[in-house]
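Novice:
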Amino acid sequence: MRITSALVDPALLDLPWHLPLEDWPADHLVALPQGISRHVVRFVKLNDTVYALKETRERIAEKEYDLLRALERIDFPAVKAVAIVTDRVDSLETVLITRHLQFSLPYRALFSHVLRPETMNRLLDALAALVVRMHLTGFSWGDCSLSNTLFRRDAGAFAAYLVDAETGNLHPRLSEGQRSEDIEILRLNIFGECLDLQAAELLHEAIDPEAVVDDIVARYERLWHEVTYEQEVPRDARHDIEGRIRRLNDLGFDVAEVALSTVDGGYRVRPKVVDAGYHTRRLLRLTGLDAEENQARQLLNDLDAYRAESDLTDEQQAAHRWLTEVFEPVVRAVPAHLRRKLEPQEIFSQIIQHKWLLSERSGRDVGMGPAVQSYLTDVLAHKPDEQAVLGVEIV
803 MRITSALVDP
813 ALLDLPWHLP
823 LEDWPADHLV
833 ALPQGISRHV
843 VRFVKLNDTV
853 YALKETRERI
863 AEKEYDLLRA
873 LERIDFPAVK
883 AVAIVTDRVD
893 SLETVLITRH
903 LQFSLPYRAL
913 FSHVLRPETM
923 NRLLDALAAL
933 VVRMHLTGFS
943 WGDCSLSNTL
953 FRRDAGAFAA
963 YLVDAETGNL
973 HPRLSEGQRS
983 EDIEILRLNI
993 FGECLDLQAA
1003 ELLHEAIDPE
1013 AVVDDIVARY
1023 ERLWHEVTYE
1033 QEVPRDARHD
1043 IEGRIRRLND
1053 LGFDVAEVAL
1063 STVDGGYRVR
1073 PKVVDAGYHT
1083 RRLLRLTGLD
1093 AEENQARQLL
1103 NDLDAYRAES
1113 DLTDEQQAAH
1123 RWLTEVFEPV
1133 VRAVPAHLRR
1143 KLEPQEIFSQ
1153 IIQHKWLLSE
1163 RSGRDVGMGP
1173 AVQSYLTDVL
1183 AHKPDEQAVL
1193 GVEIV
């Protein structure tokens, strides 16, 4: 047996590699919800870390391992490759090991009850944003689908992560044909997944599978157009250039540079969009907190409001005080037995929304303290654990 690993964990050696994954004894496994896969997939927990193990052919495992490592280097939202295990006894298949993404859910776990149209909308938005980010980086997936995606809660929305890269390829830049092929595969896969959900009576009767695939393609095309199109700006409306950059930032995309060329009566503007994560990176720079994009947007709004109320002009000073006087006290207020429910940034985002709802009902600002206690008692206590969902139903 041979293990090639990006993370040295000696406990990997103690697993029963002489057996096919499907025959591994239950005492080595943890029960996690998973999507549909053509491969045998199992989850194990070693030293408080959960890993996903997938059996496949050696060449495919090595390619996917290298691709996931490359995506990690460019900070793309995907699961992290840990190791590949080859040369197993009796010619058993190679195993690819990835780190399980904490607080993430496969789409079928989110549909444990009848899927509502608004939930489907949020999932499609997340998937469209993921595919746009992917194509901007030059990555062609080759198997775009809900099954190959994990979702994390993101302040009322979802953030999507790539979980299966075995059919993918990373290029310096994608051609229009490569982009179109990826989108056509996405259309066919999601249509099939919706029919599967419909047959299992998990799809809301108001959701039409054909309309869903048309909708996801339309969402992708609108977002792709917004981040890539060339804009002509009149000479007397140069402020529109700054407005374009602000719109892209609001969508969560960073602009590395802007290409300007003169045309009759004005300028042709083409921003170079490098990646999503504008608010995530700003929050990380100011506070050291790592959050999803919508979470970061909400936390930054709360930070900006705190800065205005405190009459602080220095952004770094305001961020430090907000972190120590607002964010950290709220996180510490969560009892230990409730901390597996949601990650801290999502809890804080939901508390902000809960505080707003309570204040609306009361006709006054109820204050952060009462809002925190109300949220912990009335909302968080009734949620399932999502840090590593061990055999529980997701609602």
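So that you can map any letter, position 99 of the sequence shown is 901 in the working numbering, and since no number is skipped, the others follow by simple counting.
Beta carbons: idealized from backbone N, C-alpha and C, even for Gly.
#1: Rounded to whole angstroms, what is the Cα-Cα separation between L823 and A854?
#2: Taking 7 Å as the threshold (C-beta atoms), are F960 and E1145 in contact?
#3: For I1216, does the three-state DSSP call read helix, strand or coil?
#4: Note down the Cα distance separating R1048 from R1084, rounded to an integer number of angstroms.
#5: List the DSSP bridge partners of E1034.
#6: May I ask you to list the residues that DSSP assigns as paired with D956?
#7: Per DSSP, what kind of secondary structure is T806 in: helix, strand or coil?
#8: Quick check: the Cα distance between I1018 and L815, rounded to an integer number of angstroms?
#9: Relative to the C-alpha of D889, which candidate in D868, T858 and P879 has its C-alpha closest?
#10: Could you compute how far the alpha carbon of V1197 sits from the alpha carbon of P1036?
#11: For a test of the three-state rule: what should DSSP assign to T1089, helix, strand or coil?
#12: Report the three-state DSSP secondary structure of R975 (helix, strand or coil).
#13: Please tell me whether I985 and M922 are closer than 7 Å, where the distance is taken between their beta carbons.
#14: Can you tell me which of the three DSSP states E895 falls into?
#15: Thinking A967 and E866 are a contact (beta carbons under 8 Å), I'd like their distance in whole angstroms, please.
#16: Excluding sequence positions up to five away, which residues of its chain have a Cβ less than 6 Å from the Cβ of R954?
#17: Just to confirm, are S949 and Q980 a CB contact at a threshold of 7 Å?
#18: Which residues does DSSP list as the beta-bridge partners of E864?
#19: To the nearest angstrom, report how far apart L1178 and E1127 are at their CA atoms.
Specialist: Let me spell this out:
#1: Position 21 of the sequence shown, counted from the first residue, corresponds to residue 823. Position 52 of the sequence shown, counted from the first residue, corresponds to residue 854. Near 11 Å, if we compare the C-alpha coordinates of A854 and L823.
#2: Residue numbering aside, residue 1145 sits at position 343 when the sequence shown is read from its first letter. Residue numbering aside, residue 960 sits at position 158 when the sequence shown is read from its first letter. Cβ distance not < 7 Å, so E1145 and F960 don't count as in contact.
#3: Within the shown structure, residues of the chain are numbered from 803 to 1197, placing residue 1216 beyond reach of any answer.
#4: Reading the sequence shown from its first residue, position 246 is the one you call residue 1048. Reading the sequence shown from its first residue, position 282 is the one you call residue 1084. Cα to Cα, R1048 sits roughly 14 Å from R1084.
#5: Against the sequence shown, residue 1034 aligns to sequence position 232. Per DSSP, R1070.
#6: For the purposes of this step, residue 956 is taken as the residue at position 154 of the sequence shown. Beta-bridge pairing links D956 to A959.
#7: Start at 1 with the first residue of the sequence shown, and residue 806 comes out as number 4. It is a strand residue.
#8: Here the question's residue 1018 lines up with position 216 in the sequence shown. Here the question's residue 815 lines up with position 13 in the sequence shown. Their Cα atoms are separated by approximately 43 Å.
#9: Working through the sequence shown from its first residue, we reach residue 889 at position 87. That would be T858, whose Cα lies nearest to the Cα of D889.
#10: If you number the sequence shown from 1, residue 1197 lands on position 395. If you number the sequence shown from 1, residue 1036 lands on position 234. Caution applies to V1197, whose pLDDT of 37 falls short of 50 and renders its modelled position unreliable; the model cannot decide the point.
#11: Residue mapping note: residue 1089 aligns to position 287 of the sequence shown, counting from 1. T1089: helix per DSSP, three-state reduction.
#12: As a working note, residue 975 is residue 173 in the sequence shown. The answer is coil: DSSP assigns R975 none of H, G, I, E or B.
#13: For this step, residue 985 is matched to residue 183 along the sequence shown. For this step, residue 922 is matched to residue 120 along the sequence shown. No, the pair does not count as a contact, with Cβ atoms beyond the cut-off.
#14: The residue labelled residue 895 in the question sits at position 93 within the sequence shown. Here E895 sits in coil by DSSP.
#15: Numbered from its first residue, the sequence shown carries residue 967 at position 165. Numbered from its first residue, the sequence shown carries residue 866 at position 64. 5 Å between Cβ atoms; contact.
#16: Taking the first residue of the sequence shown as 1, we reach residue 954 at position 152. Once the five neighbours on either side are set aside, the close Cβ partners of R954 are F905, S906 and A961.
#17: Translated into positions along the sequence shown, residue 949 becomes position 147. Translated into positions along the sequence shown, residue 980 becomes position 178. Their beta carbons are not under 7 Å apart, which means S949 does not touch Q980 by this criterion.
#18: Counting from one through the sequence shown, the residue named residue 864 turns up at place 62. Answer is none; E864 lacks a bridge partner.
#19: Numbered from its first residue, the sequence shown carries residue 1178 at position 376. Numbered from its first residue, the sequence shown carries residue 1127 at position 325. Taking the straight line from one Cα to the other gives about 19 Å.
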